[in-house]
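Asks: Protein chains in written order, with this note's numbering: chain A, 1 to 229; chain B, 1001 to 1229.
2 protein chains.
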Amino acid sequence: MVIVRDTLVDALVARLRDGVLSGRYPPGAYLPSERELAAEYGVTRTSLKHALSRLAQLGLVETKHGVGTRVLDYLSSGGPELLPMLVVADGPGWLEETFQARREIGALVYARAAERRGAGHCADLRALHEAVAAAQTADDAQLAECEIHRVLAAASGNRVYGFLVNSLLNAYLPVRQLLIAPFRDPGRAAGRLTPLVEAVCAGEAGEAHTAAVRYLAETERLMLSGEDR
Amino acid sequence: MVIVRDTLVDALVARLRDGVLSGRYPPGAYLPSERELAAEYGVTRTSLKHALSRLAQLGLVETKHGVGTRVLDYLSSGGPELLPMLVVADGPGWLEETFQARREIGALVYARAAERRGAGHCADLRALHEAVAAAQTADDAQLAECEIHRVLAAASGNRVYGFLVNSLLNAYLPVRQLLIAPFRDPGRAAGRLTPLVEAVCAGEAGEAHTAAVRYLAETERLMLSGEDR
DNA sequence: CTGGATCAGTGGCTCATCCACTGAGCCATC
DNA sequence: GATGGCTCAGTGGATGAGCCACTGATCCAG
């Protein structure tokens, strides 16, 4: 386990972000001036500006020179990069919707990959599949599992799907412990993955699609119920 | 037309980002130290830090205290928020893949919305549809069209799809001129939208799905060919 | 009523300076 | 020879004072 110490700016971003997500700073409203905020949080204006700059990059606020910093409506203008923080902020609601999107988009990606399968991709997939089965620790299995999704996304022939999968996987990071559960027993994980991986490698598009949907639905049911821990 | 003057930090971000995307700073490599970079670009270290902070938020680099700033592999760790800059950077390739993803995910969203249609959503949709038809300028039509996508995403009952749609729509912003083309003639735009909107409002899920795919495919063909301008 | 000047308040940016962290290398100790 | 602690150079983190540029409201002269 690596000890990670948040930087001051990270902490500031978290505080301000929570203020926005919780509605303390509602959409359309202006934040207090940088000088006021800096005084309120007991930091330099420089540090506060760093934090605001990152909030702006996230699409949570918008800063205009000479005017002020306005809160945006993240629901109507935000992107999936907000998911990780939303999942921890209000939990189950966002998590379930993320799972649903992942399942449906995952099925799309899997079907595409099956259609376009190439020898190289299949080799990667088999190797990763074996890595999951052989993994001694839950962490290893989890990492390998993530890699499988990424390899499939790459095999879909559309890099945009790679980005979407990355975002959806990142949304899980904060609740990683829950996710690891189904992989505590490497044998079971292997058993569950086989049909999907085999189907994709064999190029059976229709069957792969069906298998993918079934696999993802089952996996997520386990994750949400917290069963098998 | 509003005149937007980029801030110094914006320009810095653009320069550094191009350096990363172009491979001048390859994945895994370390950037020069902040002091060196600041000198090279003729700016204060403070400003440079702001820029690096935003690059980090974008997932392009990773900064570690006492060590340095390392370039990440955006293809394997980035999210769809990178699309806008990739589309302008190397154009057609990313644009086509974005269109494909938008078409397939759009169809998913449309089908979902048709399944779960509610009176309120349908009213919104009809109003927007009429706004597109009535729009006097291409800009208006484009904005209303974006709104239709957002309303549909909202009607799908999954806020994550809203985020995904936002990201994909944002990817178009840099090439907005191209996109506006099919809407130069409001009458045609209206004619093209009708079947989809009607189908969703009528709740014919299967037909809506088919119509959505056909509509999106046609629209994007026009966009890519640049025809009808 | 209009157009320009003023002014208070806001964010943009700089500078000089110090602190905290990391990793490499040295060296005495075991 | 291996180990553990030390120093040191180089890196990013943070400060705070200060100045500049922009915006919008207000006021006033025309």
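The beta-carbon is built from N, C-alpha and C at its ideal position, and this holds for glycine as well. As the structure is a computational prediction, the values presented were derived from the model and not from experiment.
Scan the stretch 25 to 73 of chain A and note each continuous beta strand (DSSP E) run of 3 residues or more that stays entirely inside, going in chain order.
Replies: With a minimum length of 3 residues, the continuous beta strand (DSSP E) runs that stay inside the stretch 25 to 73 of chain A are 61 to 64, 68 to 71.
Asks: Among R1070/B, T1007/B, L1108/B, G1023/B, which one has its Cα closest to the Cα of G1059/B?
Replies: Of R1070/B, T1007/B, L1108/B, G1023/B, the residue nearest in Cα terms is R1070/B.
Asks: Mind the definition here: the stretch 37 to 47 of chain A touches the stretch 5 to 19 of chain A only if three or more C-beta pairs lie below 8 Å; say whether that holds.
Replies: Verdict: yes, contact present.
Asks: Please check if any C-beta of chain B sits within less than 9 Å of the C-beta of R35/A.
Replies: R35/A does not count as touching chain B.
Asks: Leaving out five residues before and five after A14/A in sequence, what residues of the same chain have Cβ atoms less than 6 Å from its Cβ?
Replies: Hits under 6 Å: none found.
Asks: In whole angstroms, what is the alpha-carbon distance linking L1016/B and R54/A?
Replies: If you take the alpha carbons of L1016/B and R54/A, they lie about 16 Å apart.
Asks: For the stretch 1072 to 1104 of chain B, list the alpha helix (DSSP H) runs that are entirely contained and at least 4 residues long, ordered along the chain.
Replies: Those alpha helix (DSSP H) runs which fall completely within the stretch 1072 to 1104 of chain B and span 4+ residues are 1074 to 1077, 1083 to 1090.
Asks: State the DSSP-derived secondary structure class of N170/A, mapped to helix, strand or coil.
Replies: N170/A: helix per DSSP, three-state reduction.
Asks: Which residue wins for smallest C-alpha separation from A1154/B, given the options A1171/B, L1108/B, V1020/B, Y1172/B?
Replies: Ranking the options by Cα distance to A1154/B, first place goes to L1108/B.
Asks: Excluding the 5 residues flanking G1068/B on each side, which residues of the same chain have their C-beta closer than 8 Å to its C-beta?
Replies: Excluding sequence neighbours, G1068/B sits near Y1030, L1031, S1033.
Asks: By the criterion of Cβ-Cβ separation under 7 Å, what are the contact partners of P84/A in chain B?
Replies: The premise fails here: P84/A is roughly 10 Å from chain B at the closest Cβ pair, so nothing lies under 7 Å.
Asks: For my contact list, L72/A and V61/A are in at a C-beta cut-off of 8 Å; report their separation, rounded to the angstrom.
Replies: Confirmed, about 6 Å.
Asks: Can you tell me whether Q80/A is buried or exposed, with buried defined as 16 or more other CB within 10 angstroms of its CB?
Replies: First, the amino acid is wrong: residue 80/A is Pro here, not Gln. Answer is buried; the Cβ neighbour count reaches 16.
Asks: Between L16/A and chain B, is the shortest Cβ-Cβ distance under 9 Å, so that the two count as touching?
Replies: No, no contact with chain B.
Asks: Do you know how far the Cα of G1019/B is from the Cα of A1101/B?
Replies: Distance between the alpha carbons of A1101/B and G1019/B: 27 Å.
Asks: Alpha carbon to alpha carbon, what distance is there between G42/A and Y1110/B?
Replies: One C-alpha to the other measures close to 48 Å.
Asks: For P1032/B, decide whether its Cβ has a neighbour in chain A, counting only Cβ atoms nearer than 9 Å.
Replies: Not an interface residue.
Asks: State the start and end residues of the unbroken alpha helix (DSSP H) segment that holds R1017/B.
Replies: Looking at the DSSP string, the run of the alpha helix (DSSP H) that includes R1017/B is 1008 to 1021.
Asks: Using a Cβ-Cβ cut-off of 9 Å, state whether S1077/B counts as contacting chain A.
Replies: It does; some Cβ of chain A falls within 9 Å.
Asks: Can the beta-carbon of L1152/B be found closer than 9 Å to that of L1083/B?
Replies: No, the pair does not count as a contact, with Cβ atoms beyond the cut-off.
Asks: Please report the distance separating the alpha-carbon of S1156/B from that of L1037/B.
Replies: Going by the C-alpha atoms only, they are around 47 Å apart.
Asks: Show which residues of chain B have a CB atom less than 9 Å away from the CB atom of G162/A.
Replies: Under the 9 Å cutoff, chain B gives L1075, S1076, G1078.
Asks: Hey, would you say V165/A sits closer than 9 Å to G106/A, going by beta carbons?
Replies: In contact: V165/A and G106/A (Cβ atoms closer than 9 Å).
Asks: Classify G157/A as helix, strand or coil using the three-state DSSP reduction.
Replies: Reduced to three states, the DSSP call for G157/A is coil.
Asks: Check the Cβ of R1159/B against every Cβ in chain A and list those closer than 8 Å, keeping chain order.
Replies: In chain order: L75, W94, E97.
Asks: Verify the CB distance criterion: does A1101/B have a CB-CB separation below 9 Å to chain A?
Replies: Cβ-Cβ to chain A under 9 Å: yes for A1101/B.
Asks: If we ignore side chains and look at the alpha-carbon of each, how far apart do Q57/A and Y25/A end up?
Replies: Taking the straight line from one Cα to the other gives about 17 Å.
Asks: Can you say whether A39/A is buried or exposed, counting buried as having 16 or more other CB atoms within 10 angstroms of its CB?
Replies: Counting Cβ neighbours within 10 Å, A39/A comes out exposed, since fewer than 16 surround it.
Asks: Output the distance between the C-alpha atoms of G93/A and H1149/B, rounded to the nearest integer angstrom.
Replies: Distance between the alpha carbons of G93/A and H1149/B is about 22 Å.
Asks: In chain A, which residues lie less than 8 Å from L1008/B when you measure between Cβ atoms?
Replies: Correct list: empty, because the minimum Cβ distance to chain A is about 11 Å.
Asks: Using three-state DSSP, classify R1005/B as helix, strand or coil.
Replies: Correct three-state label for R1005/B: coil.
Asks: Would you please state the rounded distance, in angstroms, between the beta carbons of T1098/B and A1171/B? I believe it to be under 8 Å.
Replies: With a Cβ gap of about 5 Å, T1098/B and A1171/B count as contacting.
Asks: Use the C-beta contact count for G1028/B: other C-beta atoms within 10 angstroms, 16 or more gives buried, fewer gives exposed.
Replies: By the 10 Å Cβ count, G1028/B comes out exposed.
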